[in-house]
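Chemist: Numbering follows this note's numbering, in which position 22 of the sequence shown is assigned residue number 22; successive positions increment by one, without gaps.
Beta carbons: idealized from backbone N, C-alpha and C, even for Gly.
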Amino acid sequence: MGQGRTGDHLREKLARRHRPLVVIGLTGSIGMGKSTCAAMARRLGILVHDADATVHGLMGPGGQAVAPVEAAFPGVTGSDGGIDRKALGTRVFGDTPALTRLEAILHPKVRKAERRFLRQAALRGANPVILDIPLLFETRGENRCDLVMVVTAPQFLQTQRVLRRPRMTRETLDRIRSRQTSDLLKRRGADVIIPTGLGMRPAGTVLKRAIRLARAGARRPL
């Protein structure tokens, strides 16, 4: 399965699951193509919970995290009533205790939204579903998933992609990498590896095959 486990291994793992929903964790380091793969999954009819989008909503105008984040980091609320992410980033980037305080505010709220998503997906009869979580391994989120997909690319290509982003610098990229589990360790923990180095068409082939197996596993009795 890409460079990951065999189809037989995935079938056996799905057969051992203990919940009606097949929950797929989708992750990958910055610039690997994870968001593109999530979009592909949506086009295949898969419900996807985007942890990053949830964080944006929590810290946007009227978001539930605005007040506690402002209390922890006074002066980071923007003129629109939401958190000024640039100002917040300046306060927490490179400051481990500050980042830990921020995560203690955000992570429980993101988990609550995730649980709500899973309940609603179950009510709709959707199966499988995907949790798109950039920091899946860093937060031990793999333990909440039946399968883990890791999107990957060669480091030189990752660097090229990220440095094309507005206002991105190599120093910033290095800091981001230092916070993330290495690509090597993520690939070791994956059930499915989705390589994007040769383009999104072959990546899509791997993704579609994994989703077909997950759909088949979802139909099996627990």
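Using a Cβ-Cβ cutoff of less than 6 Å, which residues in the same chain neighbour aspartate 80 once the five nearest sequence positions on both sides are dropped?
Modeler: Within the same chain, aspartate 80 has close Cβ partners Pro61.
Chemist: Which value, in whole angstroms, describes the spacing of the CA atoms of leucine 222 and isoleucine 83?
Modeler: Note on leucine 222: pLDDT 47, under 50, position unreliable in the model; no value is reported.
Chemist: Leucine 198: which of Asp174, Pro154, Glu142 sits nearest, CA to CA?
Modeler: Of Asp174, Pro154, Glu142, the residue nearest in Cα terms is Pro154.
Chemist: Is there contact between the segment 48 to 61 and the segment 100 to 116, where contact requires at least three CB pairs shorter than 8 Å?
Modeler: Verdict: yes, contact present.
Chemist: Find the nearest neighbour of alanine 67 within the set Leu102, Ala41, Thr96, Gly33, judged by alpha-carbon distance.
Modeler: Closest by alpha carbon: Leu102.
Chemist: Could you tell me which residues DSSP puts in a beta bridge with isoleucine 25?
Modeler: Before going on, a small fix: residue 25 reads as glycine here, not isoleucine. Answer is Leu131, Val148, bridged to glycine 25.
Chemist: Report the option in Arg170, Pro166, Ile30, Asn143 whose CA atom is closest to the CA atom of arginine 17.
Modeler: For arginine 17, the nearest C-alpha among the options comes from Asn143.
Chemist: Could you give the DSSP three-state label for leucine 136: helix, strand or coil?
Modeler: Coil.
Chemist: What does DSSP give as the partner residue(s) for threonine 231 in the beta ladder?
Modeler: Because residue 231 is not part of the residues shown, which for the chain are 1 to 222, the question remains open.
Chemist: Verify the contact flag: cysteine 37, CB atom, against every heavy atom of the ligand FMN, threshold strictly below 7 Å.
Modeler: Looking for the ligand FMN in the displayed structure turns up nothing, as the structure carries no ligands at all.
Chemist: Are the CB atoms of isoleucine 30 and isoleucine 211 nearer to each other than 8 Å?
Modeler: No.
Chemist: Output needed for glycine 25: all residues of its chain with C-beta closer than 8 Å, excluding positions within five of it in sequence on either side, in chain order.
Modeler: Result list for glycine 25: Ile130, Leu131, Ile133, Leu136, Gly141, Glu142, Arg144, Cys145, Leu147, Val148, Met149, in chain order.
Chemist: Quick check on leucine 99: does DSSP put it in helix, strand or coil?
Modeler: Leucine 99 falls in the helix class under three-state DSSP.
Chemist: At what residues does the alpha helix (DSSP H) containing proline 202 begin and finish?
Modeler: Here the alpha helix (DSSP H) through proline 202 covers 200 to 218.
Chemist: Which of the three DSSP states is assigned to aspartate 174 in this structure?
Modeler: Residue state, collapsed to three classes: helix.
Chemist: Would you kindly report the start and end of the unbroken alpha helix (DSSP H) that includes leucine 157?
Modeler: Where leucine 157 is concerned, the enclosing alpha helix (DSSP H) stretches over 155 to 163.
Chemist: Report the CB separation of alanine 65 from leucine 14 in whole angstroms; it is logged as a contact under 8 Å.
Modeler: Not confirmed; about 35 Å, so no contact.
Chemist: Take alanine 98 and list the residues in its own chain whose beta-carbon comes closer than 7 Å to its own, dropping the five residues that flank it on each side.
Modeler: Excluding positions up to five away in sequence, the list reads Arg91, Val92.
Chemist: Just tell me which of Thr27, Val23, Gly7, Arg43 has its CA closest to the CA of glycine 189.
Modeler: Ranking the options by Cα distance to glycine 189, first place goes to Thr27.
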